[in-house]
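Q: Just so you know, the sequence shown maps onto residues 28 to 127 in the numbering used here.
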Amino acid sequence: MTGKTQTSNVTNKNDPRSLNSRVFIGNLNTAVVTKADIEAIFAKYGKIVGCSVHKGYAFVQYASERNARAAVAGENARVIAGQSLELSGVLESALPLGWC
Numbered sequence: 028m029t030g031k032t033q034t035s036n037v038t039n040k041n042d043p044r045s046l047n048s049r050v051f052i053g054n055l056n057t058a059v060v061t062k063a064d065i066e067a068i069f070a071k072y073g074k075i076v077g078c079s080v081h082k083g084y085a086f087v088q089y090a091s092e093r094n095a096r097a098a099v100a101g102e103n104a105r106v107i108a109g110q111s112l113e114l115s116g117v118l119e120s121a122l123p124l125g126w127c
């Protein structure tokens, strides 16, 4: 064990109370960007309790809604691996059914 806390892969998609503290990260170059990269970038906004990375997008689950809103405000349109990120709170986004 390295002493580093590992973040869960679960982003609480079935808990309606946690949706306010969940951030959707779209337009993500997942061929280059890893879960560890996402956690390193977004940890400055608060405690991350879950992070899941999928082809082209990711979700970050924060401990509080305030942290999630700060992350969206601070990182939206940030360029990573040549692509401009598209961030939104899950409840604010227009995700296709089943993506949450």
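We treat Cβ as the ideally placed atom computed from N, Cα and C, and that holds for glycine. Source: prediction; values computed, not measured.
On the DSSP letters alone, give me the boundaries of the beta strand (DSSP E) that A85 sits inside.
A: A85 -> beta strand (DSSP E) spans Y84 to Y89.
Q: Which term fits R49, buried or exposed, when burial requires 16 or more other beta carbons within 10 angstroms of its beta carbon?
A: R49 comes out buried.
Q: Roughly how many angstroms lie between the CA atoms of G57 and I107, to the nearest whole one?
A: First, the residue type needs correcting, since residue 57 is Thr and not Gly in the sequence shown. Cα to Cα, the separation comes out at about 10 Å.
Q: Thinking Y89 and I75 are a contact (beta carbons under 8 Å), I'd like their distance in whole angstroms, please.
A: Indeed, because the Cβ distance is near 6 Å, the residues count as touching under 8 Å.
Q: Please confirm whether Q110 and L46 have their CB atoms less than 8 Å apart.
A: It is not a contact, given that the beta carbons lie outside the stated cut-off.
Q: Going by Cα to Cα distance, which pick from E92, H81 and Y72 is closest to I52?
A: Cα-wise, what sits closest to I52 is H81.
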